[in-house]
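Student:
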Amino acid sequence: MTTPHLNPTSTSSSTTSYSSTSSASSCSIPIHPTECSKNARRHRADTASLKEYGECYRRLGQGTTAVVMVVRQLGEDGRSEKLYAIKQFRKKRKHESEKEYMKKLTSEFCISSTFSHPNVIETIDLVLDERKRYCTVMEYCPGGDLFTCIMAERMTELEKLCCFKQMLQGLAYLHSMGVAHRDIKPENLLLTMDGTVKITDFGVSDVFRFPWESKGRQSRGLVGSEPYIAPEAIENKEYWGHLADVWSAGIVFYCICVGGLAWHIAKKTDHSYANYLRALEQQKLYELFRPLGANERRIIHRMLDPNPSTRITSSELLEDAWIKSISVCNNNSVDDMNRVHKHTEGVQPVCTLSKK
Numbered sequence: 001m002t003t004p005h006l007n008p009t010s011t012s013s014s015t016t017s018y019s020s021t022s023s024a025s026s027c028s029i030p031i032h033p034t035e036c037s038k039n040a041r042r043h044r045a046d047t048a049s050l051k052e053y054g055e056c057y058r059r060l061g062q063g064t065t066a067v068v069m070v071v072r073q074l075g076e077d078g079r080s081e082k083l084y085a086i087k088q089f090r091k092k093r094k095h096e097s098e099k100e101y102m103k104k105l106t107s108e109f110c111i112s113s114t115f116s117h118p119n120v121i122e123t124i125d126l127v128l129d130e131r132k133r134y135c136t137v138m139e140y141c142p143g144g145d146l147f148t149c150i151m152a153e154r155m156t157e158l159e160k161l162c163c164f165k166q167m168l169q170g171l172a173y174l175h176s177m178g179v180a181h182r183d184i185k186p187e188n189l190l191l192t193m194d195g196t197v198k199i200t201d202f203g204v205s206d207v208f209r210f211p212w213e214s215k216g217r218q219s220r221g222l223v224g225s226e227p228y229i230a231p232e233a234i235e236n237k238e239y240w241g242h243l244a245d246v247w248s249a250g251i252v253f254y255c256i257c258v259g260g261l262a263w264h265i266a267k268k269t270d271h272s273y274a275n276y277l278r279a280l281e282q283q284k285l286y287e288l289f290r291p292l293g294a295n296e297r298r299i300i301h302r303m304l305d306p307n308p309s310t311r312i313t314s315s316e317l318l319e320d321a322w323i324k325s326i327s328v329c330n331n332n333s334v335d336d337m338n339r340v341h342k343h344t345e346g347v348q349p350v351c352t353l354s355k356k
């Protein structure tokens, strides 16, 4: 039995994914951008134009809903000061009403602009460019995405675990905010040059619980990328989005560990997945999990529990003794182990500040 080859699942031409190619979130949101952007954590009331963040420096890629590029903000002395990632939205289609278009356009911003966590991409502003197209301004991660790092096969075991724990930290934060990402995959995990992992692309995210609610609601609709979609999301009309995220993160962890996929899709018609279910039923070791260490295997089994009602949650994962023991390198904070993780070693930044 061979491990399915790991291929990029994004249709964007860029290796750095800031842009979803799927539909917007199903949650209820304000219709006009100013209704949510005025409440964004770092939104400035006087910001109306993309020019305030600089000039277009490089195009990163294009999806079906947006073009992603980098803008460079120059200081008064003409030197580069900062780079931003810009997601420039498509124009309204003829068959769309203004209300439908604005809802699709603002949903991702209204969700992502509320986040503040080191392992979640920072969404800064919603502005207009010179052609009156809406653009989301985000922090730029020059280290590329985790998919590129996995394919480069340069990460040590310590670095792999560091990336995994950072992903869990970001995911647990999102779930604590009542948001399910619904498209967790290596392409949507970006890296800074100091090795910080950041979750990006909230184009299909869903609010499953508002702050004033205790129970929440299930998600609807099949979204995401096939190899990472939880079986209940494929089979059922409704499912718990945060538990589906844990499944997706489990597939990502397997990819990080072995550099490939466990199966192509979590359906019984998939030979590899059927073998996994058979191994679980017979309480035997699944052949493709044999290369994993004991702790890695134990955690992946908990994350890839086909029954969502008994699947481990993101917050429970962070309470696991072994995961607690993993050191992460947010802000280069692994001096206690007398080493520095170099997740981006050998990977050239997609775009860097110019030097004069």
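The sequence shown lines up with residues 1 to 356 when you count with the UniProt record's numbering. Backbone N, C-alpha and C define an ideal beta-carbon position, used for all residues, glycine too. Predicted model only: the values in this text are computed from it and were never measured.
Measuring only the C-alpha atoms, how far is Cys110 from Tyr140?
Tutor: Within the sequence shown, numbered from 1, the residue matching residue 110 stands at position 110. Within the sequence shown, numbered from 1, the residue matching residue 140 stands at position 140. Rounded to whole angstroms, Cys110 to Tyr140 spans 19 angstroms at the Cα level.
Student: Tell me the DSSP bridge mates of Cys135?
Tutor: Position 135 of the sequence shown, counting from 1, holds the residue named residue 135. Cys135 pairs with Gln88 and Val127.
Student: So within the segment 254 to 314, which uninterrupted alpha helix (DSSP H) runs reach at least 4 residues, ignoring any that extend past its ends?
Tutor: For the segment 254 to 314, whole alpha helix (DSSP H) runs of length 4 or above, ordered along the chain, are 271 to 281 and 294 to 303.
Student: When you compare each of Leu50, Lys165 and Leu126 to Ser327 by their alpha carbons, which one comes out closest?
Tutor: Along the sequence shown, one-based indexing puts residue 327 at 327. Closest option to Ser327, Cα to Cα, is Lys165.
Student: In this structure, how does DSSP classify Tyr140 when only helix, strand and coil are distinguished?
Tutor: Reading the sequence shown from its first residue, position 140 is the one you call residue 140. Of the three classes helix, strand and coil, the one that applies to Tyr140 here is coil, per DSSP.
Student: Reducing DSSP to helix, strand and coil, say where Met69 ends up.
Tutor: Locating residue 69 in the sequence shown gives position 69, where the first residue counts as 1. Residue state, collapsed to three classes: strand.
Student: Determine whether the beta carbon atoms of Arg278 and Val223 lie at a separation below 7 angstroms.
Tutor: Here the question's residue 278 lines up with position 278 in the sequence shown. Here the question's residue 223 lines up with position 223 in the sequence shown. Result no, Cβ atoms of Arg278 and Val223 do not sit closer than 7 angstroms.
Student: Where are the alpha helix (DSSP H) runs, 4 residues long or more, that stay fully inside the segment 166 to 236, in chain order?
Tutor: Those alpha helix (DSSP H) runs which fall completely within the segment 166 to 236 and span 4+ residues are 231 to 235.
Student: Counting only the same chain and skipping the five closest in sequence on each side, list residues whose C-beta sits under 8 angstroms from that of Glu153.
Tutor: Within the sequence shown, the letter at position 153 stands for residue 153. Hits under 8 angstroms: Gly259.
Student: With a CB to CB cut of under 7 angstroms and the five nearest residues on each side skipped, what residues in its chain are close to His117?
Tutor: Translated into positions along the sequence shown, residue 117 becomes position 117. Excluding residues within five positions, the ones whose Cβ falls inside 7 angstroms are Gly170 and Tyr173.
Student: Give every residue of the same chain whose Cβ lies closer than 8 angstroms to the Cβ of Leu261, excluding the five residues on either side of it in the sequence, and list them in chain order.
Tutor: As a first step, residue 261 is located in the sequence shown; it is residue number 261 there, counting from the start. Excluding positions up to five away in sequence, the list reads Thr3, Pro4, His5, Leu6, Pro227, Ile251, Tyr254 and Cys255.
Student: Between which two residues does the alpha helix (DSSP H) carrying Tyr57 extend?
Tutor: Here residue 57 is taken as the residue at index 57 of the sequence shown, counted from 1. Unbroken run through Tyr57 is the beta strand (DSSP E), Glu55 to Gln62; no alpha helix (DSSP H).
Student: Would you decide whether Thr136 is buried or exposed? Buried here means 16 or more other CB atoms lie within 10 Å of its CB.
Tutor: Translated into the one-based positions of the sequence shown, residue 136 becomes position 136. Buried, by the Cβ-count rule.
Student: State buried or exposed for Gln88, treating a residue as buried only when at least 16 other CB atoms are found within 10 Å of its CB.
Tutor: Counting from 1 along the sequence shown, the entry for residue 88 is found at position 88. Buried, by the Cβ-count rule.
Student: What is the rounded straight-line gap between the Cα of Ser14 and the Cα of Gly61?
Tutor: In the sequence shown, counting from the first residue as 1, residue 14 sits at position 14. In the sequence shown, counting from the first residue as 1, residue 61 sits at position 61. Confidence in Ser14 is poor, its pLDDT being 39 and thus under 50, which makes the residue's placement unreliable; the coordinate value appears in the next sentence. Distance between the alpha carbons of Ser14 and Gly61: 4 angstroms.
Student: Using the three-state DSSP reduction, which class does Lys94 fall into: helix, strand or coil?
Tutor: Counting from 1 along the sequence shown, the entry for residue 94 is found at position 94. It is coil, neither helix nor strand.
Student: Quick one: what's got a C-beta closer than 6 angstroms to Lys268's C-beta in the same chain, skipping five residues either side?
Tutor: To locate residue 268, count along the sequence shown from 1; it is residue 268. Taken in chain order, the residues that qualify are Ala274.
Student: Looking at the structure shown, is Asp77 part of a helix, part of a strand, or coil, going by DSSP?
Tutor: Reading the sequence shown from its first residue, position 77 is the one you call residue 77. Correct three-state label for Asp77: coil.
Student: With DSSP collapsed to three states, give me the class of Asn7.
Tutor: One-based indexing of the sequence shown puts residue 7 at position 7. Note: Asn7 maps to coil in three-state DSSP.
Student: Bridge partners of Glu238, per DSSP?
Tutor: In the sequence shown, counting from the first residue as 1, residue 238 sits at position 238. DSSP, once it has assigned bridges, lists Arg220 as partnering Glu238.
Student: Over the uninterrupted alpha helix (DSSP H) stretch that includes Leu146, give me the two end residues.
Tutor: As a working note, residue 146 is residue 146 in the sequence shown. Its alpha helix (DSSP H) spans residues Leu146 to Ala152.
Student: Let me know if Ser214 comes out buried or exposed under the rule of 16 or more other beta-carbons within 10 Å of its beta-carbon.
Tutor: Position 214 of the sequence shown, counting from 1, holds the residue named residue 214. With fewer than 16 Cβ atoms within 10 Å of its Cβ, Ser214 is classed as exposed.
Student: Give me the DSSP bridge partner(s) of Lys82.
Tutor: On the sequence shown, position 82 is the one that residue 82 refers to. Lys82 is bridged to Gln73.
Student: Taking 7 angstroms as the cut-off, decide whether the C-beta atoms of Ser219 and Tyr239 are in contact.
Tutor: Stepping through the sequence shown from its first residue, residue 219 is reached at position 219. Stepping through the sequence shown from its first residue, residue 239 is reached at position 239. Yes. Within cutoff.
Student: Quick one, which of Thr106, Ile184, Asp145 and Leu280 has its alpha-carbon nearest Arg133's?
Tutor: If you number the sequence shown from 1, residue 133 lands on position 133. The shortest C-alpha separation from Arg133 is found at Thr106.
Student: Confirm, please, whether the CB-CB distance from Val207 to Val179 is below 7 angstroms.
Tutor: One-based indexing of the sequence shown puts residue 179 at position 179. One-based indexing of the sequence shown puts residue 207 at position 207. Yes; because the gap between Cβ atoms is below 7 angstroms, this pair is in contact.
Student: Glu232: which of Cys163, Arg298 and Thr310 sits nearest, CA to CA?
Tutor: Position 232 of the sequence shown, counted from the first residue, corresponds to residue 232. Cα-wise, what sits closest to Glu232 is Thr310.
Student: What did DSSP end up calling Ser112 once you bin it into helix, strand or coil?
Tutor: Locating residue 112 in the sequence shown gives position 112, where the first residue counts as 1. Three-state result, Ser112: helix.
Student: Looking at Arg217 and the ligand GDP, is the gap between the Cβ and the nearest heavy atom below 6 angstroms?
Tutor: As far as ligands go, the structure on display features none, and thus does not contain the ligand GDP.
Student: Considering only C-alpha positions, which residue in the set Asp305, Gly293 and Cys329 is nearest to Glu281?
Tutor: Your numbering for residue 281 matches position 281 in the sequence shown. Of the candidates Asp305, Gly293 and Cys329, the one whose C-alpha sits nearest the C-alpha of Glu281 is Asp305.
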